[in-house]
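Visitor: Just so we're aligned: the sequence shown equals residues 401 to 729 in my numbering. C-beta atoms are modelled at their ideal positions from N, C-alpha and C, and glycine is treated no differently.
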Amino acid sequence: LIAVITDYSLCILVKAGNIVGVNTYQVSLISLLFIFFILSFIFLRIETLSDTIPRSNDAYDLVGNGITESIGIISFVTSKLMYSMSKPLTLTHTAYMCHHSSFLVYESMENPTQNRWNKITHISVSVSCLIILLFGVFGYTTFTGFSQGDLLENYCMSDDWANVARILFSTTIMLTYPIECFVVREVLENAIWDGKPPETKSHHIMITVAIVATCFIFSTFTDCLGIVLELNGVLAAVPLAFILPALCYLKLDSGRLLEWRKAPAFLLAVFGFAVAIIGTFLAMVRVIDGVTCSHGKEMDYCLAPHIQNKTTSILLSLMNTTTQTTLKP
401 LIAVITDYSL CILVKAGNIV GVNTYQVSLI SLLFIFFILS FIFLRIETLS DTIPRSNDAY
461 DLVGNGITES IGIISFVTSK LMYSMSKPLT LTHTAYMCHH SSFLVYESME NPTQNRWNKI
521 THISVSVSCL IILLFGVFGY TTFTGFSQGD LLENYCMSDD WANVARILFS TTIMLTYPIE
581 CFVVREVLEN AIWDGKPPET KSHHIMITVA IVATCFIFST FTDCLGIVLE LNGVLAAVPL
641 AFILPALCYL KLDSGRLLEW RKAPAFLLAV FGFAVAIIGT FLAMVRVIDG VTCSHGKEMD
701 YCLAPHIQNK TTSILLSLMN TTTQTTLKP
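1) What's the gap between the Cα of E586 and the Cα of I607?
2) Whole angstroms is fine: what's the gap from L534's alpha carbon to Q548's?
3) For the alpha helix (DSSP H) that E586 lies in, which residues bound it at each end?
4) Nearest to P645 by CA position, among V612, G536, T572, L667, is which residue?
5) Would DSSP call L444 helix, strand or coil?
6) Would you decide whether I677 is buried or exposed? Buried here means 16 or more other CB atoms lie within 10 Å of its CB.
7) Mind checking which residues open and close the alpha helix (DSSP H) that includes D689?
8) According to DSSP, simplified to helix, strand and coil, what is N511?
9) Quick check: the segment 591-605 against the segment 558-574, are there 3 or more CB pairs under 8 angstroms?
10) Which residue marks the beginning of the alpha helix (DSSP H) containing Y649, and which one marks its end?
11) What number of angstroms, rounded off, separates the C-alpha of K651 from the C-alpha of L657?
12) Who are the near neighbours of L439 in its chain, counting only those whose CB is closer than 8 angstroms to its CB and skipping five residues on each side?
13) Please classify L551: does DSSP put it in a helix, a strand, or coil?
14) Note down the Cα distance separating V670 from I643, rounded to an integer number of angstroms.
15) For the alpha helix (DSSP H) holding T608, just list the boundary residues, first then last.
16) Please state whether DSSP places R656 in a helix, a strand or coil.
17) For G655, count the other beta carbons within 10 Å of its own beta carbon; 16 or more makes it buried, fewer makes it exposed. Which is it?
18) Output needed for Q708: all residues of its chain with C-beta closer than 7 angstroms, excluding positions within five of it in sequence on either side, in chain order.
19) Rounded to a whole number of angstroms, what is the C-alpha to C-alpha distance between F436 and Y540?
20) Would I617 pass as a contact of V687 if the rule is Cβ separation under 8 angstroms?
21) DSSP three-state call for T542: helix, strand or coil?
22) What do you get for F559, buried or exposed, if any count of 16 or more other CB atoms within 10 angstroms of its CB means buried?
23) Taking the C-alpha atoms as reference points, what is the distance between C624 and A636?
24) Looking at C-alpha atoms only, which residue of E589, E580, W593, P454 is the closest neighbour of V612?
25) From this set, D653, V675, L444, which residue's C-alpha is nearest F562's C-alpha?
26) If you count every other CB in all the chains shown that lies within 10 Å of the CB of V685, and 16 or more means buried, which is it?
27) Thinking Y701 and T452 are a contact (beta carbons under 8 angstroms), I'd like their distance in whole angstroms, please.
28) Is C556 helix, strand or coil by DSSP?
29) Give me the residue from A683, W593, V584 with the minimum Cα distance to E630.
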């Protein structure tokens, strides 16, 4: 559902921008390959941890009280898949929260048209949706009620393959970061210098260092990724992804405001406002009550003496099978 809504909001965002000639909405393939490695690791770990992780009684209730926070997280984070798809159709890196870079991607396309943009958007969001579903299903099937906001927190520090996955995930974030930094820098230059900043190397270095330093300082305030994603999702991602694109389209599109063809945009805006308001309230309640987070500590089941790391043997078995199959005449 979130994928379909995001897909529609991306399409109308660029359509609204084309009406008034706006081209800002203030990586790489390697990072995508890393995501598939992490996904494979999580899948293999379902079997290796099946006898270790205790089961929660309400693990498979259809809807819990954290649904709005979940929508916020989904809106903000996930493997990102779009920039290279625009040139002309190779794979890249965007997320459900990619609206802020939409116009930069659109302008980088060869022969940018609304139809080509719609096609790229449909493919990118569909792949992102699939990856989100697989991560969610595999991860939650493994840990159920013990699942953390940062899934990698659930794996033991002694798990070598989990540590490799953590390194690759960090690398993925580093490969994504420049795209986000470019957008922030352009927005600041448009807001402060009216789109005509000083064309000097010192200016370029100073504003870039200021952005990176600010992000670094804020990142040191907490190591609990889950609540950060929740607040960032409901306060920033939801308005950027669902509310503003719909309102911009309704404001800029020709014709009467109340028309049937604009009904989806109205529903998108209402959905965004509802998620933002309810999600913010519930997230603040969690902060007041005390957020539960592992904070980098080992989970209780990691301290059990009987835990065994079977992932290595499984991977070696698969590698041996593949090698033997390859060497057969």
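Guide: So, to answer that:
1) Distance between the alpha carbons of E586 and I607: 10 angstroms.
2) Going by the C-alpha atoms only, they are around 16 angstroms apart.
3) Run containing E586: 560-592, per the alpha helix (DSSP H) assignment.
4) The shortest C-alpha separation from P645 is found at L667.
5) Helix at L444.
6) By the 16-neighbour rule on beta-carbons within 10 angstroms, I677 is exposed.
7) D689 -> alpha helix (DSSP H) spans 663-689.
8) In the structure shown, N511 falls within a coil segment according to DSSP collapsed to helix, strand and coil.
9) The segment 591-605 vs the segment 558-574: no contact.
10) Membership of Y649 in the alpha helix (DSSP H) is indicated by the continuous run 644-652.
11) If you take the alpha carbons of K651 and L657, they lie about 8 angstroms apart.
12) Contacts found: I531, L534, F535, F538.
13) Helix at L551.
14) When rounded, the distance between both Cα atoms is 8 angstroms.
15) Boundaries of the alpha helix (DSSP H) harbouring T608: 601-619, taken from the DSSP string.
16) Residue state for R656 is assigned as coil, using DSSP reduced to three classes.
17) G655 is exposed by the Cβ-count criterion.
18) Low confidence applies here, because Q708 scores a pLDDT of 45, under 50, leaving its location unreliable and the question unanswered by this model.
19) Those two C-alpha atoms are separated by around 17 angstroms.
20) Using a Cβ distance threshold of 8 angstroms, I617 and V687 do not count as a contacting pair.
21) Here T542 sits in helix by DSSP.
22) Here residue 559 is Asp; the residue named in the question, Phe, does not match the sequence. With 16 or more other Cβ atoms within 10 Å, it is buried.
23) Taking the CA atoms as reference points, C624 sits about 18 angstroms from A636.
24) The shortest C-alpha separation from V612 is found at E580.
25) At residue 562 the sequence reads Ala, which differs from the Phe that was named. Closest option to A562, Cα to Cα, is L444.
26) V685 is exposed by the Cβ-count criterion.
27) About 5 angstroms; that satisfies the 8 angstroms criterion.
28) In this structure, C556 counts as coil in the three-state DSSP scheme.
29) Comparing Cα-Cα distances from E630 to each of A683, W593, V584, the minimum goes to A683.
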